[in-house]
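There are 2 protein chains.
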Amino acid sequence: MSNYQLSAEVRGLLKDVDLLIPGIVQDAQTKDVLMLAYVNQEALAQMIATGAGTYWSRSRKEIWVKGASSGHTQKVMSLALDCDGDALLISVEQIGAACHTGEKTCFHQPIKLA
Amino acid sequence: MSNYQLSAEVRGLLKDVDLLIPGIVQDAQTKDVLMLAYVNQEALAQMIATGAGTYWSRSRKEIWVKGASSGHTQKVMSLALDCDGDALLISVEQIGAACHTGEKTCFHQPIKLA
């Protein structure tokens, strides 16, 4: 359990406060899209309060702070919700590689267009 | 029903071919993140074949082509899957506004950091 709580203002922006929200993580400097990770209301509240990239692991069912084990931390520079309040854009300063494979971004598997 | 089918190669890259995949749509030129929309395997196959931004509407339960009614079409420049094969980055040439509100991107609701 996290000890952080969302403000009434932020809760009011969300389409459904109990839904998992996909968070698009973008490098603030290069604008590269680094990864996609999910937030629940507790992870979002913790991220707002601490300024550290903070997510909800769907497989482990727990909050995780990016870089806690790898050292590849993220300093959150800005946050924005989309028009529907069900997707989040997270602009970060990324230390080291964003991907656990060691690649700079997680999106390193191209699909060829026809 | 779509008449498009994924190649065995692309199917092999997906974590689960029956899952909905969040698609991050990024402006190829400015690198702004424009919107997040979902693809199922049929929408992805149609997008690969046609090069037009093509998604699955979770509310209407149907494939939709971005701009079909608004004229604000997307020409897909490149596609990349993430390391887990369960998120997609879609780089596009966006005609007009990406957001149905008329804003350039859907991510126009800032959340203040503490």
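Chains as they are written, first to last, in the numbering used here: chain L, 4 to 117; chain D, 4 to 117. For each residue, glycine too, the CB sits at the ideal point set by N, CA and C.
Which residues in chain L have a C-beta closer than 8 Å to the C-beta of residue i? List them in chain order.
i: L92(D); result: V36, F110
For residue i, return the contacting residues in chain D, with the cut-off set at a CB-CB distance below 7 Å.
i: G54(L); result: L116
Count the other CB atoms within 10 Å of the CB of residue i; is the residue buried (16 or more) or exposed (fewer)?
i: P25(D); result: buried
i: T108(L); result: buried
i: L9(L); result: buried
i: L116(D); result: exposed
i: A48(D); result: buried
i: Q77(L); result: buried
i: Q29(L); result: buried
Can you name the residues of chain L whose CB is closer than 7 Å to the CB of residue i?
i: T57(D); result: Residues of chain L passing the Cβ test: none, with the nearest at roughly 12 Å.
i: I27(D); result: I27, V36, L39
i: T76(D); result: Residues of chain L passing the Cβ test: none, with the nearest at roughly 16 Å.
For residue i, would you say it is in contact with chain D, using Cβ-to-Cβ distances shorter than 8 Å as the test?
i: V13(L); result: yes
i: D98(L); result: The residue you asked about is not Asp; residue 98(L) is Ile in the sequence shown. No - not a single Cβ of chain D is within 8 Å of the one on I98(L).
Measuring only between beta-carbons, confirm whether residue i sits less than 8 Å from chain L.
i: V79(D); result: yes
i: I66(D); result: no
Nearest to residue i by alpha carbon, out of the options?
i: E66(L); options: T57(L), G74(L), S72(L), S73(L); result: First, the residue type needs correcting, since residue 66(L) is Ile and not Glu in the sequence shown. Comparing Cα positions, the closest option is T57(L).
i: E45(L); options: L39(L), G105(L), V68(L), V28(L); result: V68(L)
i: A40(D); options: P113(D), R14(D), M50(D), Y7(D); result: M50(D)
i: L82(L); options: V20(D), V36(D), I114(D); result: I114(D)
i: V60(L); options: V42(L), S72(L), H75(L), G70(L); result: According to the sequence displayed, residue 60(L) carries Ser and not Val. Of the listed residues, the one whose Cα sits closest to S60(L) is V42(L).
For a contact meaning CB atoms closer than 8 Å, what does residue i contact in chain D?
i: A83(L); result: F110, H111, Q112, P113, I114
Consult DSSP for residue i and reduce its assignment to one of helix, strand or coil.
i: E65(D); result: strand
i: V20(L); result: coil
Applying a beta-carbon distance threshold of less than 9 Å, which residues of chain L neighbour residue i?
i: L16(D); result: Q112, I114
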